[in-house]
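Enquirer: My questions will all concern the structure given below.
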Amino acid sequence: MKVSLKIESSWLEIERKSMLKMKREYEQWEAQTLQKAKEAKDLETLREIFYKLGDRWEWNQATGAWLSSGKPLDTIGFILKMPGLLPNKERFVLYGIMAYSKGLTDQFDHLGDKERVIIERDNETGRMICWSTTGHGAMDLLPTELTMFDSVEDVLNHCYIVAQPGDHAMRLEIPRDKRHPLDMNQRLWEMASGGLTYSTNEIIVLTTEDIEHALDFKFYRYAKAVIDLERTWKELHMNAFSKAKEVVQDKIPAELERRMNGKLREVEGLLHILWFKPPVRGLEPAKQIYHEFNSSPEPTVVEQTLAPYLGELVYALNDIIEKAKYIKWKSVIDRKEFSENDVFKGLGLSNVVTQAFAVALQDILQEHTLAYIGYPEKGTMKSKAMRIVLGFAVLPARLVMAFTKSIGIRFRNLRNRLFAKQEKPTPNPVGDEGTVNESILQDQ
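In my numbering, the protein residues as written are 1077 to 1520.
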């Protein structure tokens, strides 16, 4: 599906200049490399040249292809569907992947920025709300009401996605005629953006159908496995209090009770990793605990109950990790076939955009935690504190900047008008042929 994306024009200009500079550097590097290869006297010298190039060879080749075919701040979006923390809710995380050069960042170990908007829908009441990224990955403190729309697709068809590379943020902008009357957040952001100029482009957003079915990347299954495991663990943990009474009455052996508490603590530690560490770091601990629970000669109630949930978790997590690796590998090894996949066919996407998407899937699993991706309320104390600070700082700072800029523009306009009046030439009473202008004499 196509979505309207707004980007500040100043960032586009910065990126355009940076791409031109990088293109010149690439062409110079290409010419020097080819000249060295031509001057090689034998295969040993040629091999030495390639050894010196190292990893830069592949990187510069990819950069050159992008500079020749990509546009400034090429962007692609995709939606990850996830279960809500409550059974009757579900969430949709819209990621925007923006490919840019070193003009916007000194760290270029990936093709660009990855920011998101989280939309939650209540399947019973139909209510929809969303959280935009305020800055540096932190989400809004208060959600924006979206119940006036029929579906997530309807939201994206009518609203704008606003990318803010300088703030590392992305937000949802609702048209005036669709806004909730009491939505002050949208009005304040409109005021904060009043002095800026934006460029609007249409970008492709891959839907949940594209991600889940066409690419077989089942992130929903993984997130659900984590939530189901935590919900069952909490039930068992609460039951431990009632079990303590039975231990006192000698109904349960103390050794068995210690084993059960130990297993609960192991799963508690695993849940901490699953929520607050990137998904790739949770696979091995999950495998280890699952093998331990599944192979116990005398399994406790805790092991018997949690083993199936752990098995589902291991399968779902391993599946998305391997699928992300395959998608990235395919985009590099067979770029043409990958770009002609049914998901991208007929969309007219540049190579850099399809590559950015493939890189982003794996990067998300390696860099972003599950709490960060779609559940900000589950974040650590540090992330929650950052969310509060940025929530109270970014918008007011933008409002002050917009007000200051507006005052500056009005002051310059007033000064120009005053100077224009002072410099206005006095009419000459003598005409072009030396005769006196009669109208001026009459006035006198």
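Don't be surprised by glycine CBs; every beta carbon is placed ideally from N, CA and C.
Here the structure is a predicted model, which is why all the values come from computation and not from measurement.
(1) Which residue's Cα is closest to the Cα of Leu1170: Leu1161, Asn1164, Pro1163 and Lys1157?
(2) Is it buried or exposed, Pro1163, if we count other Cβ atoms within 10 angstroms and call 16 or more buried?
(3) When the Cα atoms are used, what is the spatial distance from Lys1190 to Gly1213?
(4) Among Gly1211, Ile1195, Leu1386 and Ile1397, whose alpha-carbon lies nearest the alpha-carbon of His1244?
(5) Just the Cα atoms here: how many angstroms apart are Val1377 and Met1336?
(6) Hey, quick one: how far does the alpha helix (DSSP H) through Arg1281 stretch, first residue to last?
(7) So, at 7 angstroms on beta carbons, what are the nonlocal neighbours of Glu1416 in its own chain, with the 5 sequence-adjacent residues on each side left out?
(8) DSSP three-state call for Arg1070: helix, strand or coil?
(9) Alpha carbon to alpha carbon, what distance is there between Leu1149 and Thr1276?
(10) Can you give me the C-alpha to C-alpha distance between Lys1082 and Ile1440, rounded to a whole angstrom?
(11) Quick check on this structure: which residue in Glu1103, Glu1229, Lys1406 and Glu1443 has the alpha carbon closest to the alpha carbon of Glu1431?
(12) Counting pairs of beta carbons, one from the stretch 1409-1426 and one from the stretch 1444-1455, are three or more of them closer than 8 angstroms?
(13) Please check the pair Ile1173 and Leu1291, which I expect to be a contact at CB under 8 angstroms, by giving their CB distance rounded to whole angstroms.
(14) So the candidates are Gly1338, Tyr1391 and Ile1279; which of them puts its Cα closest to the Cα of Thr1151?
(15) Answer yes or no: do Asn1199 and Lys1147 have a C-beta to C-beta separation smaller than 9 angstroms?
(16) If you draw a straight line from the C-alpha of Pro1452 to the C-alpha of Thr1121, how long is it?
(17) If you follow the alpha helix (DSSP H) that Gly1387 is part of, which residue opens it and which one closes it?
(18) Just the Cα atoms here: how many angstroms apart are Lys1363 and Ile1397?
(19) Taking DSSP as the reference, what is the three-state secondary structure of Asp1259?
(20) Does the Cβ-Cβ distance between Met1477 and Ala1268 come in under 9 angstroms?
(21) Which class does Leu1170 belong to by DSSP, given the choice of helix, strand or coil?
(22) Beta strand (DSSP E) containing Ile1237: first to last residue?
(23) Do you know how far the Cα of Thr1209 is from the Cα of Thr1181?
(24) Give a yes or no on contact between the stretch 1245-1258 and the stretch 1345-1364, applying the rule of three or more CB pairs nearer than 8 angstroms.
(25) Beta carbon of Leu1161, beta carbon of Ala1301: below 9 angstroms?
(26) Using three-state DSSP, classify Lys1093 as helix, strand or coil.
(27) Of the residues Arg1493, Asp1395, Val1079 and Gln1442, which one's Cα is nearest the Cα of Leu1057?
(28) So is Pro1159 buried or exposed if we call it buried at 16+ other beta carbons inside 10 Å?
Expert: The structure says:
(1) Ranking the options by Cα distance to Leu1170, first place goes to Lys1157.
(2) Counting Cβ neighbours within 10 Å, Pro1163 comes out exposed, since fewer than 16 surround it.
(3) For Lys1190 and Gly1213, the gap between their C-alpha atoms comes out near 9 angstroms.
(4) Taking only the C-alpha atoms, the option nearest His1244 is Gly1211.
(5) Here the alpha carbon of Val1377 sits roughly 8 angstroms from the alpha carbon of Met1336.
(6) One point to set straight first is that residue 1281 is Val, not Arg, in the sequence displayed. It is not in any alpha helix (DSSP H) - Val1281 instead sits in the beta strand (DSSP E) that spans Tyr1274 to Leu1282.
(7) Excluding positions up to five away in sequence, the list is empty.
(8) Nothing in the structure corresponds to residue 1070, since the chain is present only between 1077 and 1520.
(9) Taking the CA atoms as reference points, Thr1276 sits about 12 angstroms from Leu1149.
(10) Those two C-alpha atoms are separated by around 23 angstroms.
(11) A quick correction: the sequence has Gln, not Glu, at residue 1431. Cα-wise, what sits closest to Gln1431 is Lys1406.
(12) No contact exists between the stretch 1409-1426 and the stretch 1444-1455.
(13) Approximately 14 angstroms separates the beta-carbon atoms of Ile1173 and Leu1291; this is outside 8 angstroms, ruling out the contact.
(14) For Thr1151, the nearest C-alpha among the options comes from Ile1279.
(15) The Cβ atoms of Asn1199 and Lys1147 do not sit closer than 9 angstroms to each other.
(16) If I take the Cα positions, the gap works out to 55 angstroms.
(17) Per DSSP, Gly1387 belongs to the alpha helix (DSSP H) from Val1377 to Ile1409.
(18) Taking the straight line from one Cα to the other gives about 14 angstroms.
(19) Of the three classes helix, strand and coil, the one that applies to Asp1259 here is coil, per DSSP.
(20) Yes, Cβ-Cβ distance for Met1477 and Ala1268 is below 9 angstroms.
(21) In this structure, Leu1170 counts as strand in the three-state DSSP scheme.
(22) For Ile1237, the uninterrupted beta strand (DSSP E) segment begins and ends at Tyr1236 to Gln1240.
(23) Note on Thr1181: pLDDT 48, under 50, position unreliable in the model; no value is reported.
(24) Contact between the stretch 1245-1258 and the stretch 1345-1364 is not established, with fewer than three Cβ pairs separated by less than 8 angstroms.
(25) Result no, Cβ atoms of Leu1161 and Ala1301 do not sit closer than 9 angstroms.
(26) Secondary structure at Lys1093: helix, using DSSP grouped into helix, strand and coil.
(27) Residue 1057 lies beyond the stretch modelled for the chain, which goes from 1077 to 1520, so this question has no answer here.
(28) Classification for Pro1159: buried.
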